[in-house]
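Since the structure comes first, as structure tokens, the remarks are kept for the end.
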Amino acid sequence: MTISLLLGVHAHQPVGNFTEVIDDAHLRCYGMFIRVLHKYPDFRFSVHFSGWLLDLLYERHPEDMQLLAEMTERGQVEWFGSGDCEPVLAAIPHRDRLTQIETLSAKIARYTGTQPRGAWLTERVWESAVASSLAEAGIEYVAVDDYHFLCTGAAANTLDSFYTTEESGRTLDLFPISEQARYRLPFSPASEVVAWMEALAHQGQRAIIYFDDIEKFGIWPETYHWVYERGWLAQFIEGVLASPLIRTQTYAEYYAANATRGIVYLPTTSYIEMNEWSLPGPAARTYHALVEAEKQQGRFEAHKPFLRGGIWRNFFSRYPESNWMHKRTLAASERYAALAPALKTDELQELLHRSQANDAFWHGLFGGLYLPHLRRAIWNNLLALEARLDAIAPRASVASTDCDLDGHAEVFLADRSLLAVIRPDSDAALVELSSYTLSHNFGDTLRRYEEGYHARIVAAEAAAQPAAADGDGIASAHDRISFKHVISAEDVVPDARPRGLFVDTWINADGTAIVPDYYASSPLSYSASDGELKLRKHYALEGGSLKASYQASEAGLLQVELNLAMPSCDGYAGRYVLADGSVPCGFGQALDIDAATRLLLVDGVLGGKLILGSNQPVSISGRPHFTVSQSEAGFEKIMQAAVLTLRWEARPGQALELTLTAETGE
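By this note's numbering, the letter at position 415 of the sequence shown is numbered 462, and the numbering carries on one by one without gaps.
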């Protein structure tokens, strides 16, 4: 009896990723994979490229994409669809799921002449609501992890073919991706993988279902050398084609020749690693310890369906910064949906789709919440969309709404060039300061959080070298421990206060520090009282500048912290410029000024500058704010913001007026 190998690969780069990163990915992976597979016409497989990446590859590497088109014409390749800009479908409205899926399906049809019947499910995040959206958009089947099925109580030996689910009467078929295959390809020697597949054929298994990141074939650490220079991929293909027990098929070919195994209803989940990543730090450590204990006792495989961890949407409740982006994109989607049909354009829809790209909303071994340039891409597209929507249907200059659903209405203060959003909690700070001229949110930073994997930093010396694989083969990125930067325990101390703009501290004459406890006296004015101290803060937009005004009833030192997201971060294109035109240092260095009334933050990546002005001389210290996160390449420190701390010797009756003005050019 033969067994069908359904091999699918998923290729994606985050919207906003650097072109040099994409070119390198193509050099080491996409192009190499395509050229190797092109030599073996009898090896059938399926591919998914996210729409944004697909456009770039056709533009920048047309020769290799033409090879893929040839393989499509000869029936070797099946194309899978999905959301065009790779959103997590469960996290966006039904109407946007349809347009995202339909946009990519139309793009695939234009490039290849084929209409996708299957779809890749971003991060394999399953919620039952997406089934009807996929079906309505013309998708017949998707691939999810076998773990999803195991969580229903299904037996592992029954997960060798597709099942059918339904939602609101619409049906969708589901292929269970083999976890064993995911961990073997391409990390185990090719001959061992082929032998494993043949053993499954002898056991009577119908199909080996594989669909995973193509980046495992050249981009993950060590894989380029292993897959191409040492010839793993060619050896694997030749071994499969030479085997009398294995036949390769596209998903479409297998689907046409087989009937469903029956009805199934899956729980809300993603792949098992994601379920750990989505938990808060302490809970993640507890979960990890439980999993390790089960493994040591030899019970994990039997019990893992019942050790589910968290769900993908936990990232919104875990990280307020992610939640804020998400809820702002939902609000923009509502505004776009409310437009008359004649006013809806492809350009507006593309901006909306790009603002929904998944990568910047979450974090694990992959995902990009910690990467400023990926969050910036979300804000670039969202703000460009809002600017166009404002031109069609202007918003009120001042509005209050609980955008992030935290039980408190934020205050939106807007004109044609700036948007300032006040979070009216005890800090009364800005959660967002966005320039529509520059399509940039200067408040887009990230605080330090306790992450479950930070405990490994204590064992930094032991973890300095990558983990080795057992026996032959290479280690999966999931099993590696390495460090890109020198990191100390101090680097991972969580922030005690949220990071924002105009985060205040009052220091009495005796040196004691007070965190003002503000309350709203009007939508734009806030007051704090502590004994005899009365401190007032007021926001206004004037002439394209944001003004924050302070008055104190007592003498003391007012300390105002501005966490400013600058695109250059600690790169060479970002620098402070003093009033006399001199450049003391870059954003990644320490800045100390005894007294100033003007400071420019000039950023070549931004293509503009932020001007800080003060009506009173203030001392200014600037320091970079770094976070520590883990990626497939190891632990790394990432600059999130340039933190300016302004200090003003307050006197009763005096007022401090601080202004922030965003301008294009240098």
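Note that the Cβ used here is the ideal one computed from N, Cα and C, for glycine as well.
Tell me, which residues are paired with F673 by DSSP? M686
Just checking my contact of H95 with M118 at CB under 8 Å: how many whole Å lie between their CB atoms? Not confirmed; about 15 Å, so no contact.
DSSP on A389, reduced to helix/strand/coil? helix
Would you mind reading off the limits of the alpha helix (DSSP H) that contains N610? Unbroken run through N610 is the beta strand (DSSP E), 603-611; no alpha helix (DSSP H).
Rounding to the nearest angstrom, what Cα-Cα distance links K156 and V83 in this structure? For the sequence presented, residue 156 should be read as Ala rather than Lys. A156 and V83: Cα-Cα distance of roughly 24 Å.
Note down the Cα distance separating L390 from T146, rounded to an integer number of angstroms. 16 Å
So for A166, helix, strand or coil by DSSP? strand
Measure from the alpha carbon of H420 to the alpha carbon of each residue in S317, P614, V338, then state which is nearest. P614
Pop quiz: A599 and F549 are said to be a contact at Cβ under 8 Å. What is the actual Cβ separation, rounded to whole angstroms? No, A599 and F549 are not in contact; Cβ-Cβ is about 15 Å, not under 8 Å.
I'd like to know whether the C-beta atoms of G122 and S152 end up nearer to each other than 8 Å. no
S215: buried (16+ other C-beta within 10 angstroms of its C-beta) or exposed? exposed
Whole-angstrom distance between G345 and L354, CA atom to CA atom: 14 Å
So, under 8 Å CB-CB, H59 and L104 are touching, yes? Tell me the CB distance rounded to an integer number of Å. Not a contact, Cβ separation roughly 11 Å.
Given this structure, state the Cα-to-Cα distance separating K263 from P367, to the nearest angstrom. 31 Å
With distances taken Cα to Cα, identify the nearest neighbour of E161 among V124, E183, A424, H373. In the sequence under discussion, the amino acid at residue 161 is Thr, which differs from the Glu named in the question. Nearest option by C-alpha distance: V124.
Straight-line gap, R694 to L416 (C-alpha atoms, nearest Å): 31 Å
A331, buried or exposed, once every other Cβ within 10 Å from all chains shown has been counted against 16: buried
When you measure from the CB of L292 to every non-hydrogen atom of the ligand FAD, does any distance come out below 7 Å? Questions concerning the ligand FAD fall outside what the structure shown contains, since it holds no ligand whatsoever.
Report the residue from H195, R435, T644, H455 whose alpha carbon sits nearest the alpha carbon of L314. The identity of residue 314 in the sequence shown is Pro, whereas the question assumes Leu. Nearest C-alpha to P314: H195.
Among all the DSSP beta bridges, which residues are the ones paired with D551? V607
Skipping 5 residues on each side, what residues in its chain have a beta carbon closer than 6 Å to that of G55? S93, F258
Using only the alpha-carbon positions, how far apart do G621 and D71 sit? 25 Å
Quick check: the Cα distance between L101 and E704, rounded to an integer number of angstroms? 49 Å
Only counting the same chain, and skipping five residues up and downstream in sequence, which positions put a Cβ closer than 6 Å to that of D437? none
Excluding the 5 residues flanking N427 on each side, which residues of the same chain have their C-beta closer than 6 Å to its C-beta? S486
Distance, Cα to Cα, G411 vs E276? 29 Å
Using three-state DSSP, classify A514 as helix, strand or coil. Residue confidence for A514 is low, a pLDDT of 42 falling below 50, so the modelled location carries little weight and cannot support an answer.
Apart from the five residues just before and just after A431, which ones in its own chain have a Cβ nearer than 7 Å to its Cβ? L398, S486
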